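Per this note's numbering, the sequence shown starts with residue 2, numbered consecutively.
Working notes, structure below.
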Amino acid sequence: MPNNKNATEFAGVSRRTVLKAAGAGAAFAAIAGSPARLLAAEPLKVAAVYTVPVEQQWVSRIHKAANAAKDRGDIEYVYSENTSNNDYERVMREYAEAGHKLILGEVFGVEDAARAVAKDYPDVAFLMGSSFKPDEAIPNFSPFDNYIQDASYLSGIIAGAMSKSNHIGMVGGYPIPEVNRLMNAFIAGVKESAPDTKFQIAFIGSWFDPPKAKETAFAQIDGGADLLYAERFGVSDAAKERKVLAVGNVIDTQSEYPETVVASALWHFEPTLDKAIAEVKAGTFKAADYGVYSFMKNGGCSLAPLGTFEGKVPAEVMAKVAEKEKAIKDGSFTVEIDDSEPKA
2 MPNNKNATEF AGVSRRTVLK AAGAGAAFAA IAGSPARLLA AEPLKVAAVY
52 TVPVEQQWVS RIHKAANAAK DRGDIEYVYS ENTSNNDYER VMREYAEAGH
102 KLILGEVFGV EDAARAVAKD YPDVAFLMGS SFKPDEAIPN FSPFDNYIQD
152 ASYLSGIIAG AMSKSNHIGM VGGYPIPEVN RLMNAFIAGV KESAPDTKFQ
202 IAFIGSWFDP PKAKETAFAQ IDGGADLLYA ERFGVSDAAK ERKVLAVGNV
252 IDTQSEYPET VVASALWHFE PTLDKAIAEV KAGTFKAADY GVYSFMKNGG
302 CSLAPLGTFE GKVPAEVMAK VAEKEKAIKD GSFTVEIDDS EPKA
């Protein structure tokens, strides 16, 4: 997602906003005659503000975790998608005014405005995707990010072994830390298997433009790449059409591309969200860096099952993957977090 130095306006093409009556829970509590006890047992009111559709990879993981918590009865959950940066602050305030006690989102393009909203609503917890660190002056605002470099590294080990030409194409949204660290970890993994691999690296300047990502991937295939790193939607479609391999990012698309997606690095937002829900309910939510809950050792990321590629990746490669995964989890090996822009 973009940071405030690379702010990108998202047009509100189709925005679904679902708001529930703010006073319903309070009215019921008053009728029951024991507000404190009832409110303690009620689901936490959670709202999310997204700048892209909930189908987009990154946001889909937050949406999935929130729905899981809703299905468990832990939270009530409403959201707005395709919210433009110009409209973001207003929507945040609407949810805060409506009585939601935890607000989720991604504020990379509206960082200052989002933190200003948090200051105005000190009794509301804000858990926001951000490139920046927590600020003790805003104790109710905690940033998170998808630190899934561990899984990206493991997917790179597989990719390096599966590329026959030692020439890999990589298509990302923007060259910012959130993307760079995953690409760099993937590259490091590739070099574990094939140190002489060449990389084509391109950024499309958008978080959700599958046609542009697809065309960029076609150009990389024409340039000699026989395996693609699909940081954006559209890349795996190009791989499927040209019959080259692809490695996925954040979500598992193996079932959709059974002949081409050989591996994927998955992001699991559940540990991040569940920690925040527990802290809010306990009254202990504070400014903290929630990025650590995306680490593999905390259950925040994993390598997807190989699916149709089970048995097609050399056994010695999967043995190395298993060895590295164990070392990551027990802390004896650490995947470097490199936020610098990767170079071809």
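Glycine included, every Cβ here is placed at the ideal spot set by N, Cα and C.
The structure displayed is predicted, hence computed values, not measured ones.
Can the beta-carbon of residue i be found closer than 7 angstroms to that of residue j?
{"i": "Ile218", "j": "Ala239", "result": "Note that residue 218 is Ala in the sequence shown here, rather than Ile. Yes, the pair counts as a contact, with Cβ atoms nearer than the cut-off."}
{"i": "Met129", "j": "Gly106", "result": "yes"}
{"i": "Ala289", "j": "Pro135", "result": "yes"}
{"i": "Ala247", "j": "Leu229", "result": "yes"}
{"i": "Ala99", "j": "Tyr122", "result": "no"}
{"i": "Ala117", "j": "Asn141", "result": "no"}
{"i": "Ile76", "j": "Val108", "result": "no"}
{"i": "Ala160", "j": "Val191", "result": "yes"}
{"i": "Ser166", "j": "Asp223", "result": "no"}
{"i": "Arg62", "j": "Trp268", "result": "yes"}
{"i": "Trp59", "j": "Val251", "result": "yes"}
{"i": "Asp340", "j": "Arg182", "result": "yes"}
{"i": "Gln57", "j": "Phe209", "result": "yes"}
{"i": "Gly300", "j": "Pro343", "result": "no"}
{"i": "Ile139", "j": "Ala119", "result": "yes"}
{"i": "Lys234", "j": "Pro211", "result": "Note that residue 234 is Phe in the sequence shown, not Lys. Taking 7 angstroms as the Cβ cut-off, Phe234 and Pro211 qualify as a contacting pair."}
Between which two residues does the alpha helix (DSSP H) containing residue i stretch?
{"i": "Pro272", "result": "Glu271 to Ala283"}
{"i": "Val322", "result": "Ala316 to Asp331"}
{"i": "Val245", "result": "Unbroken run through Val245: none, as it is neither H nor E."}
{"i": "Ser61", "result": "Gln58 to Arg73"}
Shortest alpha-carbon distance to residue i belongs to which of the options?
{"i": "Phe133", "options": "Ile76, Pro178, Glu257 and Tyr96", "result": "Pro178"}
{"i": "Gln255", "options": "Asp113, Asn299, Gly308 and Phe234", "result": "Gly308"}
{"i": "Met297", "options": "Lys120, Ile139 and Ile329", "result": "Ile329"}
{"i": "Gly225", "options": "Ser164, Leu103 and Ile104", "result": "Ser164"}
{"i": "Ile205", "options": "Ala195, Asn181, Ser194 and Pro176", "result": "Pro176"}
{"i": "Leu103", "options": "Leu274, Gly235, Val236 and Trp208", "result": "Leu274"}
{"i": "Ser81", "options": "Lys71, Glu95 and Pro212", "result": "Glu95"}
{"i": "Glu43", "options": "Glu311, Asn299 and Lys282", "result": "Lys282"}
{"i": "Ser194", "options": "Ala162, Leu183 and Ala70", "result": "Ala162"}
{"i": "Tyr294", "options": "Asp210, Ser143, Ile188 and Ala186", "result": "Ser143"}
{"i": "Leu45", "options": "Tyr258, Thr84 and His101", "result": "His101"}
{"i": "Lys325", "options": "Val236, Ala189 and Phe270", "result": "Ala189"}
{"i": "Asn83", "options": "Ala70, Ala279 and Ala49", "result": "Ala49"}
{"i": "Pro259", "options": "Tyr291, Glu311 and Gly292", "result": "Glu311"}
{"i": "Asp124", "options": "Tyr291, Ala320, Gly284 and Pro196", "result": "Gly284"}
{"i": "Asn86", "options": "Glu137, Ala70, Val79 and Glu112", "result": "Glu112"}
{"i": "Glu257", "options": "Lys321, Ala345 and Ser237", "result": "Ser237"}
{"i": "Met184", "options": "Gly249, Val322 and Ala70", "result": "Gly249"}
{"i": "Asp131", "options": "Phe270, Ala345, Gly292 and Ser207", "result": "According to the sequence displayed, residue 131 carries Ser and not Asp. Cα-wise, what sits closest to Ser131 is Gly292."}
{"i": "Ala345", "options": "Val79, Asp197 and Ser207", "result": "Asp197"}
Following the continuous beta strand (DSSP E) through residue i, name the residue where it begins and the one where it ends.
{"i": "Lys46", "result": "Leu45 to Val50"}
{"i": "Phe209", "result": "From DSSP, Phe209 is part of no beta strand (DSSP E); its letter is neither H nor E."}
{"i": "Leu228", "result": "Leu228 to Ala231"}
{"i": "Val53", "result": "From DSSP, Val53 is part of no beta strand (DSSP E); its letter is neither H nor E."}
{"i": "Leu267", "result": "Val262 to Trp268"}
{"i": "Leu304", "result": "Cys302 to Leu304"}
So is the beta-carbon of residue i under 6 angstroms away from any non-hydrogen atom of the ligand MN?
{"i": "Phe334", "result": "Here there are no bound small molecules, and the ligand MN is not part of this structure."}
Query raised in the report: Okay, do the region 195-203 and the region 43-55 touch, 3+ Cβ pairs below 8 angstroms being the bar?
Result: The region 195-203 vs the region 43-55: no contact.
Query - Segment contact, 8 angstroms Cβ cut-off, at least three pairs: the region 167-175 with the region 310-320 - result: Touching, no, given that fewer than three Cβ pairs across the two stretches are closer than 8 angstroms.
Requested in this report: Indicate whether the contact test is met: 3 or more Cβ pairs, each with one atom in the region 258-269 and one in the region 294-309, closer than 8 angstroms.
Outcome: Yes: at least three Cβ pairs fall under 8 angstroms.
Query raised in the report: Does the region 148-159 come close enough to the region 85-95 that 3 or more CB-CB pairs lie under 8 angstroms?
Result: In the pairwise beta carbon analysis, the region 85-95 is classified as not touching the region 148-159: fewer than three pairs are separated by under 8 angstroms.
Query raised in the report: Using 8 angstroms as the threshold, is the region 65-73 in touch with the region 236-251, meaning 3 or more CB pairs across them?
Result: Touching, no.
Query - alpha helix (DSSP H) runs contained entirely in the region 139-205, provided each spans 4 or more residues - result: Taking only runs of at least 4 residues, the alpha helix (DSSP H) segments lying wholly in the region 139-205 are 150-163 and 178-194.
Query raised in the report: If we count Cβ pairs, one from each stretch, closer than 8 angstroms, do we get three or more for the region 318-338 versus the region 152-162?
Result: With three or more CB-CB distances shorter than 8 angstroms, the region 318-338 counts as touching the region 152-162.
Query raised in the report: Which ranges would you report for the alpha helix (DSSP H) in the region 81-129 if only whole runs of at least 4 residues count?
Result: 86-98 and 112-121, all fully within the region 81-129.
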